[in-house]
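Everything on this sheet refers to the single structure shown next.
Numbering (the UniProt record's numbering), first residue to last: 1 to 181.
And the structure:
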């Protein structure tokens with residue numbers, strides 16, 4: 001059974017009564033902006049996660065727009081288990097902010113990796129096209145290469161550009177592995 005959806009105001013009311021808010025976005029997204037008090041449990045690691053954090057209280061899952069939580073509603077409900085009520089924040093973080101509720105923003109954190117890939121791929125495609133038109137037709141290989149890379153990323157789920165950007169100096173702290181004692 002899928003979790004019920006809650007408006008941001010209803011979610012805030014439940015949070016004030018002890019509900020647990022779980023952010024299913026990735027680490028880099030959460031580091032850039034989050035709802036204060038939300039616990040990070042990335043969707044990519046949800047199967048290995050221990051949701052014993054709710055202690056019988058309702059659990060409210062959220063993402064940026066609500067699309068990821070809606071698309072994974074059954075999986076989220078199964079993760080929460082039958083020991084508690086599970087909900088989805090309707091409209092995610094975007095709706096939360098639109099309702100005038102607080103979010104914590106850290107502009108020192110790099111842009112989300114997905115946006116970095118979009119900026120990089122778009123810039124390469126635009127530059128390659130302009131150089132192909134103005135300098136030499138051989139430059140058209142750049143947007144062709146970018147298109148092929150994006151197609152393969154969509155088909156396989158592996159994005160080479162994201163892997164490279166993850167290792168960029170500005171992303172090192174956002175993607176650093178926690179040190180184990």
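Glycine included, C-beta positions come from ideal geometry on N, C-alpha and C. Here the structure is a predicted model, which is why all the values come from computation and not from measurement.
Item	Value
Indicate whether residue 89 and residue 61 have their beta-carbon atoms separated by less than 8 Å.	yes
Compute the Euclidean distance between the alpha carbons of residue 105 and residue 151, then round it to the nearest angstrom.	33 Å
Residue 64 and residue 93 - do their beta-carbons sit closer together than 8 Å?	yes
Please name the residue, chosen from 69, 72, 80 and 30, that lies closest to residue 20 on a Cα-to-Cα basis.	80
With 8 Å as the threshold, decide whether the Cβ of residue 165 is near any Cβ in chain B.	The displayed structure is made up of one protein chain only, and chain B is not part of it.
Please report the Cβ distance between residue 43 and residue 68, rounded to the nearest whole angstrom; I am assuming they are in contact, meaning their Cβ atoms lie under 8 Å.	6 Å
Cutting at 6 Å between CB atoms, please list the residues of its own chain near residue 26, excluding the five before and the five after it.	42
What is the rounded straight-line gap between the Cα of residue 141 and the Cα of residue 128?	7 Å
Please determine, among 28, 66, 133 and 74, the residue with the shortest C-alpha to C-alpha distance to residue 6.	66
Go through its chain and collect everything with a Cβ distance to residue 139's Cβ below 6 Å, but skip five positions before and after it.	128, 131 and 132
Buried or exposed, going by whether 16 or more other CB atoms sit within 10 Å of the CB of residue 32?	buried
In its own chain, which residues sit with a C-beta less than 7 Å from the C-beta of residue 181, not counting the 5 before and 5 after it?	For residue 181, the pLDDT reaches just 35, beneath the cut-off of 50, and the residue's location in the model is therefore unreliable, leaving the point undetermined.
Enumerate in chain order the residues of its own chain whose CB-to-CB distance from residue 149 is below 8 Å, with the five nearest sequence positions on each side excluded.	121, 159, 160 and 161
Run the CB neighbour count on residue 29, radius 10 Å, all protein chains shown included, and call it buried at 16 or more, exposed below.	buried
Report the residue from 71, 99 and 57 whose alpha carbon sits nearest the alpha carbon of residue 84.	57
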